[in-house]
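Below is one structure, written out as structure tokens; the observations come after it.
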Amino acid sequence: MAERQPDYPQFFKRCKHQQPECCHRQQSPDFRVRNIMLPLYSVNKLFSDNQSDNKPAMAQRLMLTPILLLALVLPLPGYAGDDHDHEHASSQNQTLSEPGKEYEHEQDEHNDNENSVHLSAEQIQQAGIISRIIPAEKTDIPLRAPAEIRANGYRSFVVSPRVDSVVITRHVALGDHVQPGQPLLTLFSEGVASAQAELRSARSEWQRVKNLGKNAAGAARYNQAENTLAAARARLTAYGLNADAELTPASFGEYQLTAQTAGLVLSDDFQQGQRVTAGSALMQITDETTLWAEARLPAESELHLTRDTRVMLNVAGLNISAQISHESHTIDPLTRTRIVRLTVENPDHRLHPGLFASADFYTRSENPITLVPETALVRGSDGDWQIFIESTPGEFSALEVERGRTIRATQTTQTTQTTQTNGRTADKAGEILIEISSKDSAAHSVSQYPIVVAGAFFIASEQAKGGFDPHNH
1 MAERQPDYPQ
11 FFKRCKHQQP
21 ECCHRQQSPD
31 FRVRNIMLPL
41 YSVNKLFSDN
51 QSDNKPAMAQ
61 RLMLTPILLL
71 ALVLPLPGYA
81 GDDHDHEHAS
91 SQNQTLSEPG
101 KEYEHEQDEH
111 NDNENSVHLS
121 AEQIQQAGII
131 SRIIPAEKTD
141 IPLRAPAEIR
151 ANGYRSFVVS
161 PRVDSVVITR
171 HVALGDHVQP
181 GQPLLTLFSE
191 GVASAQAELR
201 SARSEWQRVK
211 NLGKNAAGAA
221 RYNQAENTLA
231 AARARLTAYG
241 LNADAELTPA
251 SFGEYQLTAQ
261 TAGLVLSDDF
271 QQGQRVTAGS
281 ALMQITDETT
291 LWAEARLPAE
301 SELHLTRDTR
311 VMLNVAGLNI
321 SAQISHESHT
331 IDPLTRTRIV
341 RLTVENPDHR
351 LHPGLFASAD
361 FYTRSENPIT
371 LVPETALVRG
381 SDGDWQIFIE
391 STPGEFSALE
401 VERGRTIRAT
411 QTTQTTQTTQ
421 TNGRTADKAG
431 EILIEISSKD
441 SAAHSVSQYP
451 IVVAGAFFIA
461 SEQAKGGFDP
471 HNH
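All the letters of the sequence shown, read from the start, carry residue numbers 1 to 473 under my numbering.
As structure tokens, then:
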């Protein structure tokens with residue numbers, strides 16, 4: 001007996017194959033609906049054909065009917081979602097593909113408003129916030145080089161005997177300040193004793209011949225006595241002694257070395273009782289009112305220096321002005337550096353030879369630059385450096401910048417730093433200044449708006465509370 005084909009209603013007979021599951025209809029919306037209607041129709045047909053007289057079956061049919069109706073009413077999420085997502089994506093693509101639309105403009109305005117911190121006048125005063133316009137201008141840029149304080153060789157003296165001697169007594173100690181003519185050492189020398197004895201004999205002979213007169217004593221004897229006395233005096237003078245001093249046999253051989261200038265005893269390399277040769281350096285006396293500083297510049301440095309080049313010496317926490325006195329034209333073979341000698345005034349004796357220092361050679365920058373106090377820079381949420389600009393009174397916006405060279409403020413760089421903005425006090429002189437440049441020069445100019453130079457940390461804290469991103473992410 002042939003299998004009976006179900007009698008489908010006209011709704012399921014749109015395909016030429018007369019089958020609801022026709023392959024070329026599987027992707028159409030009608031086919032999806034028919035897949036739902038087919039089992040419902042089959043169940044209903046089953047009850048109507050075979051069990052029309054069965055009461056339990058009728059009861060089951062009545063129970064299934066509401067369920068089937070509910071299944072028809074409820075939409076299929078997958079099918080509806082696909083169509084909706086497709087339409088939504090097309091709408092979004094159409095909107096974003098058109099440049100210059102109002103959406104982008106509104107989004108930019110929204111981001112700008114989010115990146116601003118609004119503070120009242122009372123908050124600004126309590127937080128100590130200071131802002132001012134800092135114009136870009138040419139300024140003196142320092143080149144830092146290591147340096148060392150040296151004794152002024154033009155005002156230093158080496159104390160040494162001019163004849164072989166023995167040290168008898170020292171009269172000053174290391175570090176003592178001495179005055180001109182002050183005794184430093186007492187020494188004994190056989191050569192000095194012989195010279196003193198000759199001088200004493202020459203004096204006696206000259207006195208006798210002089211009393212006799214040239215005619216009575218004879219010209220030859222007279223001239224010889226005079227020349228012998230002059231030679232004895234010259235010999236003692238060559239030993240560094242006073243030829244006019246009174247000589248007694250008990251003091252023969254002993255002599256003193258005295259200070260030739262006022263200064264400080266920087267070194268003493270001897271001991272009492274030590275025998276020293278002629279020319280041995282026993283002491284060094286230096287006038288510390290003026291010292292030298294030897295700065296070492298890289299050999300390849302193209303810095304053009306003159307005596308008028310401004311130099312600041314940083315030593316022992318002090319900033320002292322120095323003057324270039326000599327520039328070496330040879331390179332140190334050991335350090336491969338070029339030595340520049342500086343003259344430093346030291347009236348208070350606060351500097352001493354041997355101290356390490358750093359020398360800043362200031363030259364004028366070729367292009368205008370912007371310098372801000374170190375307190376104006378803070379780290380952003382992403383770790384980059386940023387400053388705050390006051391676009392309108394009480395409204396502060398973050399601006400990412402590149403941090404450049406560090407410069408110590410001087411009288412020259414402070415000319416624009418004393419400007420007041422909105423009646424607020426400017427920074428003090430002598431602070432550390434940082435060179436900055438905007439990362440996005442097309443969007444903002446660093447010198448266009450007042451820059452917050454004090455209280456930036458407070459604004460950054462308020463910025464963190466708002467939780468916005470400086471990159472507008």
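Virtual Cβ for every residue (Gly too), placed ideally from N, Cα, C.
{"Check": "When the Cα atoms are used, what is the spatial distance from Ala293 to Asn152?", "Outcome": "9 angstroms"}
{"Check": "Val167: which of Glu366, Leu236, Ser189 sits nearest, CA to CA?", "Outcome": "Ser189"}
{"Check": "Would Gly253 be called buried (16 or more neighbouring beta carbons within 10 Å of its own) or exposed?", "Outcome": "buried"}
{"Check": "Please name the residue or residues paired with Asp268 in a DSSP beta bridge.", "Outcome": "Met283"}
{"Check": "Can you tell me which of the three DSSP states Val453 falls into?", "Outcome": "strand"}
{"Check": "Since Met312 contacts Ser325 with CB under 8 angstroms, what's their CB separation in whole angstroms?", "Outcome": "About 16 angstroms separates the two Cβ atoms, so there is no contact after all."}
{"Check": "Distance, Cα to Cα, Arg364 vs Leu303?", "Outcome": "11 angstroms"}
{"Check": "Decide yes or no for the touch test of the region 339-355 against the region 283-298: beta carbon pairs closer than 8 angstroms, at least 3 of them.", "Outcome": "yes"}
{"Check": "Is the beta carbon of Gly394 less than 8 angstroms from the beta carbon of His118?", "Outcome": "yes"}
{"Check": "From which residue to which residue does the beta strand (DSSP E) around Gly404 run?", "Outcome": "395-408"}
{"Check": "Around the C-beta of Arg338, are 16 or more other C-beta atoms found within 10 angstroms, so that it is buried, or is it exposed?", "Outcome": "buried"}
{"Check": "Among Lys439, Asp440, Gln274, Ala454, which residue has its Cα nearest to the Cα of Leu433?", "Outcome": "Ala454"}
{"Check": "Please report how far the alpha carbon of Thr421 lies from the alpha carbon of Ala357, in whole angstroms.", "Outcome": "Unreliable positioning characterises Thr421 in this predicted model, as indicated by a pLDDT of 38, which lies under 50. The coordinate reading is nonetheless provided below. Approximately 37 angstroms, taken between the alpha carbons."}
{"Check": "Any chance the region 259-271 sits against the region 198-211, with 3 or more Cβ pairs inside 8 angstroms?", "Outcome": "no"}
{"Check": "Using beta-carbon positions only, say whether Ile133 and Ile459 come within less than 8 angstroms of one another.", "Outcome": "no"}
{"Check": "From Arg200 to Ala278, what distance separates their C-alpha atoms?", "Outcome": "24 angstroms"}
{"Check": "Between Pro333, Val192, His177, which has its C-alpha nearest Ala234's C-alpha?", "Outcome": "Val192"}
{"Check": "Ala278: beta carbon under 7 angstroms from a heavy atom of the ligand GDP?", "Outcome": "Ligands displayed in this structure: none; no statement on the ligand GDP is therefore possible."}
{"Check": "So does the region 163-178 actually touch the region 374-393, counting three or more Cβ pairs closer than 8 angstroms?", "Outcome": "no"}
{"Check": "Are the CB atoms of Asp140 and Arg405 nearer to each other than 8 angstroms?", "Outcome": "no"}
{"Check": "Mind checking which residues open and close the alpha helix (DSSP H) that includes Tyr222?", "Outcome": "219-238"}
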